[in-house]
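For the sequence shown, the working numbering assigns the number 1388 to the initial residue and increments by one for each residue that follows.
The beta-carbon is built from N, C-alpha and C at its ideal position, and this holds for glycine as well.
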Amino acid sequence: METKVVFLDEHDMDEASLMECGKVIREGGLVAFPTETVYGLGANALDGNAVKKIFIAKGRPQDNPLIVHVADIESIKPLVKKIPKVAEKLMESFWPGPLTIILEKTDLIPKETSAGLNSVGIRMPSNEIARKLIKIAEVPIAAPSANISGRPSPTDIERCIEDLFGKIEYIIGGEKCNVGVESTVVDCTEYPPCVLRPGGVTLEMLQEIDKNIYIDPAILNKIEGDFKPKAPGMKYRHYAPKAPLIIVQGDIDKVVDKINEIGEEYRRKGQKVGIIATEETKSLYKSISVVSLGSRLDMDAIAQNLFETLRVFDDEKVDVIFSESFEEKGIGIAVMNRLKKSSGYNIIDV
Ligand code: TXA
Ligand code: MG
1388 METKVVFLDE
1398 HDMDEASLME
1408 CGKVIREGGL
1418 VAFPTETVYG
1428 LGANALDGNA
1438 VKKIFIAKGR
1448 PQDNPLIVHV
1458 ADIESIKPLV
1468 KKIPKVAEKL
1478 MESFWPGPLT
1488 IILEKTDLIP
1498 KETSAGLNSV
1508 GIRMPSNEIA
1518 RKLIKIAEVP
1528 IAAPSANISG
1538 RPSPTDIERC
1548 IEDLFGKIEY
1558 IIGGEKCNVG
1568 VESTVVDCTE
1578 YPPCVLRPGG
1588 VTLEMLQEID
1598 KNIYIDPAIL
1608 NKIEGDFKPK
1618 APGMKYRHYA
1628 PKAPLIIVQG
1638 DIDKVVDKIN
1648 EIGEEYRRKG
1658 QKVGIIATEE
1668 TKSLYKSISV
1678 VSLGSRLDMD
1688 AIAQNLFETL
1698 RVFDDEKVDV
1708 IFSESFEEKG
1718 IGIAVMNRLK
1728 KSSGYNIIDV
């Protein structure tokens, strides 16, 4: 398939190409577009056949539901049975922005979009290109992250092109995504609401709205036996670079020593070692392939750079990656969740 690529300035948009993209969506095609979290791969959320194409383009497991993106609160009403008070408060506080709210769906949402569940995740992105596209398309847009299933989500247009060029009708480029990890998913079909996926809106921020909101325990720990996360997507190995990733956790001085020590063993065996470091530690490593996520004092930057860094190690064709770990609070919960999943929970404690 021929894929058209267009770059748009979020603050000065070329309406003509957005009109064309809106038409592609309305007519059942696929358009990748930027959001503040990661790039999304969009289709008409109300058209089961269009949504099926997303699963094919990504190679996504059929049982993983999609998030429906809207441009305004009004357009949610036909999609859901009811909006509980707490969900209303969350929308007022965090929309537009990186928060997905799960509600009971109506029959307007086809089974392809909800993967057979009777609920649907809805989010209003803050990225202007995304919202304008939804408005122009005149339909809600179902959009998972715009990567081949299992790979790290794309946070810039080059990575989106890398995964989807030739497979979809259109790719819209904007600025690099500023949150860098996917939206927080909170299930409001039951009270108290439960965080199914940590993201840009932190648990602490949600608890300021309602202190009873809690996080699915399966998010913080390795999933064992029947202890399954409630968001179907969280059970898959995800966000994975090509090389195995090992997290080293503990006091930072010991972490650096341990990574140098094991890294040396791998190098002696002729393997190329990649290291995910921070500004504070990057000069302490002996490997040539060291990438800093940013300063430990700026966890937002660390989240923003995480997926791109995992992809850099794919480009450099390293054989193994070691990563430092981060405190699980604020957006650090989302960062550690993605890191743990990309490592397949391969963690060394020091
Ligand atoms: O930031 C984001 O949310 C991005 C951008 C493009 O908006 N989208 C995204 O979509 O991350 P995706 O498909 O990669 O992740 C959706 C997650 C999955 O873990 C899925 O299982 C969960 O949300 N999810 C969606 N609908 C759900 C539902 N009805 N019940 C439980 N989990 C749901
Ligand atoms: Mg995804």
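* Asked: So is Q1691 buried or exposed if we call it buried at 16+ other beta carbons inside 10 Å?
  -> buried
* To do: Measure the alpha-carbon distance for E1666 versus I1548 and round it to whole angstroms.
  => 29 Å
* To do: Please name the residue, chosen from V1635, D1644 and E1715, that lies closest to I1708 on a Cα-to-Cα basis.
  => V1635
* Asked: Should S1712 be listed as close to the ligand MG, given that the test is whether its C-beta is under 7 Å from any heavy atom?
  -> no
* List in chain order: all unbroken beta strand (DSSP E) runs of 3+ residues lying wholly within the segment 1406-1437. => 1418-1420 and 1427-1431
* Asked: Near R1725, which residues of its chain fall below 7 Å by C-beta distance, leaving aside the five closest residues on each side in sequence?
  -> V1568, Y1626 and L1693
* To do: Using the DSSP secondary-structure output, state which residues sit across from R1510 in a beta bridge.
  => H1456
* Asked: Is T1493 near R1510, with beta carbons less than 8 Å apart?
  -> no
* Which word fits I1718, buried or exposed, when buried means at least 16 other C-beta atoms lie within 10 angstroms of its C-beta? -> buried
* Tell me where the alpha helix (DSSP H) around K1391 begins and ends. => Careful: K1391 lies outside any alpha helix (DSSP H), inside the beta strand (DSSP E) at K1391 to F1394.
* Cβ neighbour criterion (16 or more within 10 Å) applied to R1655 -> exposed
* Could you tell me if the beta carbon of L1583 falls within a distance shorter than 7 Å of some heavy atom in the ligand TXA? => yes
* To do: Go ahead and pull the three-state DSSP assignment for I1441.
  => helix
* Asked: Taking the Cβ atom as the reference point for each residue, do M1478 and I1460 lie within a distance shorter than 8 Å?
  -> yes
* **Boundaries (first-last residue) of the alpha helix (DSSP H) holding T1788** => Any answer about residue 1788 is impossible in this case: the structure gives the chain only from 1388 up to 1737.
* Near the ligand MG: S1540 beta-carbon under 7 Å from a heavy atom -> yes
* Please go through the same chain and pick out, in chain order, the residues whose beta-carbon is closer than 6 Å to the beta-carbon of G1586, but skip the five residues on each side of it. => P1485, V1568, E1569, S1570, T1571 and A1721
* Asked: Any idea if S1682 is buried or exposed, counting beta-carbon neighbours within 10 angstroms, 16 or more meaning buried?
  -> exposed
* Measure how close the beta-carbons of K1669 and S1676 come, nearest whole angstrom, since I'm counting them as under 8 Å. => That belief does not hold up - the Cβ atoms of K1669 and S1676 are roughly 11 Å apart, past 8 Å.
* Asked: Can you tell which of E1714, K1704, K1464 and G1427 has its C-alpha closest to the C-alpha of D1685?
  -> E1714
* According to the Cβ coordinates, are F1420 and L1520 closer than 8 Å? -> yes
* To do: Starting from A1721, trace the alpha helix (DSSP H) both ways and give me its first and last residue.
  => G1719 to S1730
* Below 8 Å CB to CB, which residues in the same chain sit around R1413 once its five sequence neighbours on both sides are set aside? => N1431, A1524, E1525 and V1526
* Asked: How many angstroms separate the CA atom of E1389 from the CA atom of F1552?
  -> 8 Å
* Starting from Y1557, follow the alpha helix (DSSP H) in both directions and report where the run begins and ends. => Segment Y1557 to G1560 is the beta strand (DSSP E) holding Y1557; no alpha helix (DSSP H) there.
* G1650, enclosing alpha helix (DSSP H) - first and last residue -> I1639 to R1655
* Asked: Any heavy atom of the ligand TXA within a distance shorter than 7 Å of the CB on N1451?
  -> yes
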